[in-house]
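S.K.:
In this note's numbering, the protein residues as written are -4 to 463.
This is the structure in structure tokens:
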């Protein structure tokens, strides 16, 4: 009898355990089934694992290669790709216009707050707060103020050339930080930003760099200056958006020029025919050189510094926001995959090839739709520093072609075969060395002895340098 009771109790316990496990599995299965079959985004194609949860997308971010993955996904699935249960990527001009339009029922996602946590900045602000910051910042980047800073920028270019260290600072991080601040800074962005802010706040100078203007600017509505916490937020934005982006673009352009001798010869001839001495070099003289500008545009197209996407979040749930025939429900994060749009064959012939002529010709390779080119975004949220970026890149490239000839350090090296671009919000060019990461600027190129400008002196010093 006791054995019989024990058997009954065991069966009863087993049934209870099975029921609990089944209930848990059902609870886990319900959201999975919903996301795969019944979710409003179920019709959007994409990787199978991305339908279940956000882990697949998180892994792509972790690898820092999301930009390359997005290009492959859009090539395979088309204009819309589902990256997570509520995350969608688009690579068309139609999508771009809708996602970033000021009139769309869409706003900034929580991503922006994580960029400068605890600090308000133009990057994370919305509505009237952003408009106020934009009115102040746009004055700091006005052409008149950039003209005043051009002399200082050129001075640093020539100094680095004379020191024989221009190739070590090819990425222009120190240059651009001095251009934005009155003090050279080192360390991580937050440390650099607050250090520069404190120094400049307590040791003001007469030099009108961008940050000095922000220190003295006042709110157009209240008449009060920027609070320190907001200045800190703007400092972080300027460091990240102003140094890595421009330096990556320059390195990309130089690599492609060295890999395409015909393009290299054309831009070198154009620059040297226009500018023959250092005193002649200024932005107004070179900004309209067609081939130099085409080279810059093509570099920004093939490897845009912001290669992934800047997400927006759908705010209305009435089906008003429709992309390529699919209504996006409220809460959906959607963004334009910049590199995938720049490499969309619908807009660019031979999209993976470096062809500067596409920007100045009317032939078969000409750009089909220039609205598909958006390295600095467009509209009311376009990058305020885009004019400064074009000036930096134009002057830096012109100065290098004026002063020296360049080639790959070793024509048979791996550097000539290509490079790895990683996406950590902004695109970076990295090379792995043991357990550390080093910028891969130095091994990519070396100056040739040319007798031009400081070229011969530069070459003698470069011979003694290591490639670290």
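Think of the CB as a built atom: it goes at the ideal place given N, C-alpha and C, for glycine as much as any other residue.
Could you check what DSSP says for residue 322 in three-state terms: helix, strand or coil?
M.R.: Here residue 322 sits in strand by DSSP.
S.K.: Please list, in chain order, all residues of the same chain as residue 481 whose beta carbon is under 8 Å from its beta carbon, the five residues on each side excluded.
M.R.: Lying before the first or after the last residue shown, residue 481 is absent from the chain, which here runs from -4 to 463.
S.K.: Nearest to residue 206 by alpha carbon, out of 350, 221, 217?
M.R.: Of the listed residues, the one whose Cα sits closest to residue 206 is 221.
S.K.: Could you tell me the distance, in whole angstroms, from the CA atom of residue 290 to the CA atom of residue 218?
M.R.: Computed Cα separation, rounded: 44 Å.
S.K.: Let me confirm a value: residue 65 is counted as buried when at least 16 other C-beta atoms fall within 10 Å, else exposed. Which label applies?
M.R.: It is buried - the Cβ of residue 65 has at least 16 other Cβ atoms within 10 Å.
S.K.: Below 8 Å CB to CB, which residues in the same chain sit around residue 340 once its five sequence neighbours on both sides are set aside?
M.R.: Here the set comprises 346.
S.K.: Below 8 Å on the Cβ atoms is my guess for residue 390 versus residue 349; work out the distance and round it to an integer in Å.
M.R.: With 8 Å as the limit, residue 390 and residue 349 do not qualify as a contact, their Cβ atoms being about 22 Å apart.
S.K.: Can you check DSSP and say which residues form a bridge with residue 11?
M.R.: None, per the DSSP bridge assignment.
S.K.: Enumerate in chain order the residues of its own chain whose CB-to-CB distance from residue 262 is below 7 Å, with the five nearest sequence positions on each side excluded.
M.R.: 252, 286, 287, 290, 396.
S.K.: What is the DSSP secondary structure of residue 138, counted as helix, strand or coil?
M.R.: Residue state, collapsed to three classes: helix.
S.K.: Are the beta-carbon atoms of residue 299 and residue 329 separated by less than 8 Å?
M.R.: Not a contact, by the Cβ cut-off of 8 Å.
S.K.: Looking only at its chain, what residues have a beta carbon closer than 7 Å to the beta carbon of residue 278, apart from the 5 residues adjacent to it on each side?
M.R.: 145, 386, 389, 390.
S.K.: Roughly how many whole angstroms lie between the Cα atoms of residue 281 and residue 270?
M.R.: Those two C-alpha atoms are separated by around 8 Å.
S.K.: Applying the criterion that 16 or more other CB atoms from any shown protein chain within 10 Å of the CB defines a buried residue, is residue 356 buried or exposed?
M.R.: Counting Cβ neighbours within 10 Å, residue 356 comes out exposed, since fewer than 16 surround it.
S.K.: Output the boundary residues of the beta strand (DSSP E) element that contains residue 78.
M.R.: Run containing residue 78: 75 to 79, per the beta strand (DSSP E) assignment.
S.K.: One question on the structure: do residue 294 and residue 244 come within less than 8 Å of each other, judged by their Cβ atoms?
M.R.: Closer than 8 Å, so yes.
S.K.: State buried or exposed for residue 15, treating a residue as buried only when at least 16 other CB atoms are found within 10 Å of its CB.
M.R.: Exposed.
S.K.: With DSSP as the reference, please indicate the residues paired to residue 102 in a beta bridge.
M.R.: Residue 102 pairs with 308.
S.K.: Helix, strand or coil: which one does DSSP assign to residue 401?
M.R.: Looking at residue 401 - three-state DSSP - the assignment turns out to be strand.
S.K.: Counting along the chain, where does the beta strand (DSSP E) carrying residue 82 start and finish?
M.R.: Where residue 82 is concerned, the enclosing beta strand (DSSP E) stretches over 82 to 85.
S.K.: Would residue 354 and residue 273 qualify as a contact pair, given that the criterion is a beta-carbon distance under 8 Å?
M.R.: No, the Cβ-Cβ distance between residue 354 and residue 273 is not below 8 Å.
S.K.: Could you check what DSSP says for residue 443 in three-state terms: helix, strand or coil?
M.R.: Residue placement at residue 443 cannot be trusted, given a pLDDT of 48 that sits under 50; what the coordinates show is reported in the next sentence. Strand, per DSSP.
S.K.: Let me make sure I understand the geometry here. Which of 384, 343, 374 has the alpha-carbon closest to that of residue 365?
M.R.: Nearest of 384, 343, 374 to residue 365, Cα basis: 343.
S.K.: Return helix, strand or coil for residue 330, following the three-state DSSP convention.
M.R.: Reduced to three states, the DSSP call for residue 330 is strand.
S.K.: Using the C-alpha atoms, what's the distance from residue 138 back to residue 264?
M.R.: Near 28 Å, if we compare the C-alpha coordinates of residue 138 and residue 264.
S.K.: Between which two residues does the alpha helix (DSSP H) containing residue 274 stretch?
M.R.: Run containing residue 274: none; DSSP gives neither H nor E here.
S.K.: With a threshold of 8 Å, are at least 3 pairs of Cβ atoms found where one atom belongs to the stretch 80 to 92 and the other to the stretch 316 to 324?
M.R.: Contact between the stretch 80 to 92 and the stretch 316 to 324 is present, because at least three Cβ pairs lie under 8 Å.
S.K.: Is the Cβ-Cβ distance between residue 117 and residue 126 less than 8 Å?
M.R.: No. Outside cutoff.
S.K.: Would you please state the rounded distance, in angstroms, between the beta carbons of residue 375 and residue 97? I believe it to be under 8 Å.
M.R.: Contact holds; Cβ gap of about 5 Å.
S.K.: Suppose the cutoff is 6 Å on Cβ atoms and the five residues either side in sequence are ignored; what does the same chain contact list for residue 93 look like?
M.R.: Closer than 6 Å at the Cβ level, and outside the excluded window around residue 93, lie 99.
S.K.: Write down the C-beta distance between residue 62 and residue 302 rounded to the nearest angstrom, noting that I regard them as a contact closer than 8 Å.
M.R.: At roughly 4 Å, the Cβ-Cβ gap stays under 8 Å, so residue 62 and residue 302 are in contact.
S.K.: Could you compute how far the alpha carbon of residue 157 sits from the alpha carbon of residue 68?
M.R.: Approximately 47 Å, taken between the alpha carbons.
S.K.: Buried or exposed, going by whether 16 or more other CB atoms sit within 10 Å of the CB of residue 233?
M.R.: With 16 or more Cβ atoms within 10 Å of its Cβ, residue 233 is classed as buried.
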